[in-house]
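Read through the structure below, which is laid out as structure tokens, and then see the notes.
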Amino acid sequence: MAANSTKFHSIEEANGFLHAWAQSIIDGIAVSFGLPDAAADVDGVNFYLLDMRPVPAPRGAKRPPLQLLLRYLVTVWADDPQAMHAAINDLVFAAMDEPAFDVADEAVPLAAWGALNLPPRPAFLLRVPVRVERLARSVPLVREGRLNAVPAQTNVHGRLLVPNALPDGRAASLAHARVTLPGHAQTATSDPTGYFTLHNVQPNANGEVDLVITARGRTLTHSMAAAGTADAPVTVLLPLPVGQLHGRLTTAAGDPLAGARVELPQQGLYVETRADGRFIFDGVPADLDLSTVQATLAGRPLRTAVQDAVLLLTSHGADLPAKPVILQFSL
72 MAANSTKFHS IEEANGFLHA WAQSIIDGIA VSFGLPDAAA DVDGVNFYLL DMRPVPAPRG
132 AKRPPLQLLL RYLVTVWADD PQAMHAAIND LVFAAMDEPA FDVADEAVPL AAWGALNLPP
192 RPAFLLRVPV RVERLARSVP LVREGRLNAV PAQTNVHGRL LVPNALPDGR AASLAHARVT
252 LPGHAQTATS DPTGYFTLHN VQPNANGEVD LVITARGRTL THSMAAAGTA DAPVTVLLPL
312 PVGQLHGRLT TAAGDPLAGA RVELPQQGLY VETRADGRFI FDGVPADLDL STVQATLAGR
372 PLRTAVQDAV LLLTSHGADL PAKPVILQFS L
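Mapping to this note's numbering: the sequence shown position 204 is 275, numbers consecutive.
And the structure:
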């Protein structure tokens, strides 16, 4: 059966009431709430909280209270069995008459006594409800719906630049960078001047396009607030470390090779050597792998190998120098 009313808002309140209630039934009796103790040397009553269960909320309540049903094992101990029986008799009948809780119509399971390491004794189960009210949520009344327009698909035109990459402080184009859209398979690769295009891109709710850019072994993210056009691409500045590569292309005898083409394939850069065999690359990665440098002379490649910090370019073909070509460099 259910309790007639719920007056407790916490287990602490319920314990306090039980303590005062028991002493009002049996004057001066000791009250405890821990594990029952068969060796207790003082006559008393024990309310052991055996378990607790949630109570389903009533139907129709807009914000129903939170409710628990506490189940106490009520035991009495005394040296005199007659006194123990009299005490449990007074308590159980008083509990049946108390509207704040109920006496359960079930026996104490034998397994419970075994778990408590106690022999069975006169006892009963007391069900005590605990209830916590919840304040109603204040939800503003919406009189008109508001819909955010979904931005239409668009083509994205951009140009990747590395700031302060050139000796005069100007930005350098970033070639061969991979541009992707998070969560999409579409990709683009920037050309030698840093330009890239992505087609049929869906901007986010803020009208921005989120990009993931991979270049020179690094991955960066960037949000474009505008899509740009083919004639006026959006400039994207990427703060990558840069350096300058100076070199001189010579034969093993030290004779300069003019008009040779020196390339950095991964960066999409190339220059031709001057009359003295020298060349300069601006805006190259500061951690450039020199083994990626390639060179051709008269349209034919020179084989490369790194030896003691000197890049050796070995000639091929009858019309090329017969001796190895040495590319001297510095960063």
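Beta carbons: idealized from backbone N, C-alpha and C, even for Gly.
Expected contact under 8 Å - CB spacing of residue i and residue j to nearest Å
i: LEU245; j: LEU309; result: 6 Å
i: ARG205; j: LEU137; result: 7 Å
i: THR225; j: VAL272; result: 6 Å
i: GLU169; j: LEU196; result: Contact doesn't hold; Cβ gap of about 14 Å is too wide.
i: LEU181; j: PRO190; result: So it is not a contact: roughly 11 Å between Cβ atoms.
i: THR306; j: GLN337; result: Rounded, the Cβ-Cβ distance is 22 Å, inconsistent with contact.
Where residue i falls, given that 16 or more other Cβ within 10 Å makes a residue buried
i: ARG241; result: exposed
i: PRO253; result: exposed
i: ALA380; result: Unreliable placement is indicated for ALA380, whose pLDDT of 47 sits below 50; the coordinate value is still reported in the next sentence. Exposed, since its Cβ has fewer than 16 Cβ neighbours within 10 Å.
i: PRO304; result: buried
i: THR239; result: First, the residue type needs correcting, since residue 239 is Asp and not Thr in the sequence shown. Answer is exposed; the Cβ neighbour count stays below 16.
i: ASP173; result: buried
i: GLY243; result: Just to set this straight, residue 243 is Ala in the shown sequence, not Gly. So ALA243 ends up on the buried side.
i: ALA93; result: buried
Rounded C-alpha distance that separates residue i from residue j
i: ASP262; j: HIS293; result: 18 Å
i: VAL145; j: TYR119; result: 7 Å
i: ALA186; j: ALA276; result: 60 Å
i: GLN153; j: HIS80; result: 37 Å
i: GLY318; j: ARG287; result: 21 Å
i: MET295; j: ALA259; result: 15 Å
i: HIS228; j: ARG134; result: 53 Å
i: HIS90; j: GLU84; result: 10 Å
i: PRO327; j: ALA298; result: 48 Å
i: LEU231; j: GLY265; result: 5 Å
i: GLY370; j: VAL333; result: 11 Å
i: GLY348; j: ALA236; result: 24 Å
i: ILE100; j: TRP184; result: 23 Å
i: ALA223; j: THR300; result: 15 Å
i: LEU106; j: ASP98; result: 22 Å
i: ARG142; j: ASP151; result: 27 Å
i: LEU320; j: PHE267; result: 33 Å
i: THR322; j: ASP360; result: 23 Å
i: LEU373; j: GLN365; result: 7 Å
i: ASP122; j: THR251; result: 57 Å
i: LEU291; j: ALA346; result: 40 Å
i: PRO193; j: VAL179; result: 9 Å
i: ASN86; j: LEU162; result: 15 Å
i: VAL355; j: PRO274; result: 33 Å
i: VAL233; j: ALA256; result: 26 Å
i: ASP302; j: ARG289; result: 28 Å
i: LEU335; j: ALA324; result: 25 Å
i: LEU316; j: TYR341; result: 12 Å
Continuous alpha helix (DSSP H) stretch holding residue i: start and end
i: GLY115; result: Per DSSP, GLY115 belongs to no alpha helix (DSSP H); it is in the beta strand (DSSP E), 115 to 125.
i: GLU83; result: 82 to 96
Cutoff 6 Å; reference residue i; Cβ partners in own chain excluding five residues on either side
i: LEU140; result: ARG124, VAL126, ARG198 and PRO200
i: VAL147; result: VAL116, MET155, ALA158 and ILE159
i: ASP114; result: ALA149
i: ALA422; result: The first residue shown for the chain is 72 and the last is 402, placing residue 422 beyond what the model contains.
i: MET167; result: VAL174
i: ASP281; result: PRO253 and SER294
i: ALA128; result: PRO135
i: ASN188; result: none
i: THR70; result: Nothing about residue 70 can be read from this structure; the chain reaches only from 72 to 402.
i: ILE351; result: HIS317
The beta strand (DSSP E) enclosing residue i, as first and last residue numbers
i: HIS255; result: Unbroken run through HIS255: none, as it is neither H nor E.
i: PRO200; result: 194 to 203
i: GLY229; result: 225 to 233
i: HIS404; result: The chain is shown from 72 up to 402; residue 404 falls before or after that span and cannot be answered.
i: LEU181; result: Here LEU181 belongs to no beta strand (DSSP E); instead the alpha helix (DSSP H) covers 181 to 187.
i: LEU269; result: 266 to 272
i: ALA301; result: Looking at the DSSP string, ALA301 is not in any beta strand (DSSP E), and its letter there is neither H nor E.
i: ASP281; result: 280 to 286
i: GLU343; result: 340 to 343
i: SER103; result: 101 to 103
i: LEU368; result: 365 to 368
i: GLU334; result: 332 to 335
i: ARG289; result: 289 to 295
i: LEU308; result: 305 to 308
i: HIS144; result: This sequence places Leu at residue 144; His is not what is there. Element bounds for LEU144: 137 to 148.
Cβ-based neighbour list, residue i, same chain, cut-off 7 Å, excluding 5 preceding and 5 following
i: GLU279; result: SER294, MET295 and ALA296
i: LYS78; result: ALA171
i: SER103; result: GLY115 and ASN117
i: GLY339; result: ALA246, HIS247 and PRO263
Same chain, Cβ closer than 8 Å to residue i, five either side skipped, listed in chain order
i: GLY330; result: GLU343, THR344 and LEU368
i: PHE88; result: LYS78, PHE79 and ALA171
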